[in-house]
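The structure under discussion appears below in the form of structure tokens.
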Amino acid sequence: MSQGSNVEEADRLSRRRARMLPVLAIIFITQQAAYFSDRFEGAGAAVRAVDHVKIGAWVILSVVLLLALTTGGFWFKSREVRALLDDEVTRAHRAAALQLGFIVTMIAAFAIYLLIQFEPMSARDSIHLLVTIGIATALVRFGMLERRAHLGD
Amino acid sequence: MATERLANRLNQLRGERALTQAALAEMVGVSRKTINTVENGVFVPSTLLALKLARALDCRVEDIFSVED
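This is the structure we're talking about:
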């Protein structure tokens, strides 16, 4: 494939990524909302087999999203296209997104630390919440920065 | 507080050479989005990219970029 068509393909994929990231964040958060509503409804109840499946699915989804965030994704594309999809601007956007994700996670951690004095929360739920907040924030920020970069063509 | 910003003539120089953003991106080895963000002043490129742009446009880095107060 020529470099010209690589640039075109990278451009197309980059636009798709910019559109998809906020959507992925919403799907991710929605799944966690369902998890937490089930948890609070069944507080005190024994952990069911379905809970293990949910937790496993959440771990897998979180790891995939984290890898996509930190590596740029599109793992099955050619090296040239991946290099174009992970060029200087994208790396800067990713760094800014991960930075915001870290800051928001720290703020959420402090908030949980204070709140558990009044409303006990298990270590698993706390970690679940923090990871979800951190990843979702970084996804949304990355998507917003990428969308803005495509404006004004 | 410093209020300097990096001004650039990338759009003008590219136009003079009848190059599209995609064509320049191809010459430099970056995405078209990167050319777009540099042109719009949204992104400050690295020295490496600035030198590559100058080489692709056959001019000096100072011809493309300048510090604006």
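Order-wise, the sequence lines are chains A and B.
Sequential numbering from 1 applies to the first sequence in our numbering.
Sequential numbering from 1001 applies to the second sequence in our numbering.
The beta carbon of each residue, even a glycine, is placed where N, CA and C say it ideally should be.
- Glu9(A) is outside the set of residues whose beta carbon lies under 8 Å from a beta carbon in chain B.
- Remark: C-beta atoms of Arg1017(B) and Leu1051(B) do not approach each other more closely than 8 Å.
- Here Arg141(A) is not near Ala68(A), since their CB atoms are 8 Å or more apart.
- Any Cβ of chain B closer than 8 Å to the Cβ of His150(A) would place that residue at the interface, and such an atom is present.
- Secondary structure at Ser126(A): helix, using DSSP grouped into helix, strand and coil.
- When DSSP states are grouped into helix, strand and coil, Val1067(B) belongs to the strand group.
- Shown here for Ser1031(B): same chain residues with a beta carbon closer than 7 Å to its own, the five before and five after excluded, namely Ala1025 in chain order.
- With its beta carbon at least 8 Å from every one in chain B, Ala95(A) lies outside the interface.
- With a 10 Å radius around the Cβ and a threshold of 16 neighbouring Cβ atoms, Leu115(A) comes out exposed.
- For Leu85(A), the C-beta contacts it makes with chain B under 9 Å involve Ser1031, in order along the chain.
- Closest in C-alpha terms to Ile127(A), from the list Val81(A), Glu9(A), Tyr113(A), Ala49(A), comes Tyr113(A).
- By a beta-carbon distance limit of 8 Å, Thr105(A) does not contact Phe28(A). Their separation comes to about 14 Å.
- For Ala1007(B), DSSP records a beta bridge to Ser1066(B).
- Ala1022(B) reaches chain A at Gly4, Val7, Glu8, Asp11, counting residues in chain order whose Cβ is nearer than 9 Å.
- In the DSSP assignment, Met1027(B) falls within the unbroken alpha helix (DSSP H) covering 1021-1028.
- Measuring C-alpha to C-alpha distances from Pro22(A) to each of Leu151(A), Glu146(A), Val7(A) identifies Glu146(A) as the nearest.
- By the 16-neighbour rule on beta-carbons within 10 angstroms, Val64(A) is exposed.
- For Ala92(A), the chain B residues whose C-beta falls within less than 8 Å of its own C-beta are Phe1043, listed in chain order.
- A straight line joining the alpha-carbon of Phe1065(B) with that of Arg1009(B) spans about 7 Å.
- When the Cα atoms are used, Leu84(A) and Met121(A) turn out to be separated by approximately 44 Å.
- When rounded, the separation of the alpha-carbon atoms in Thr1047(B) and Thr90(A) is 17 Å.
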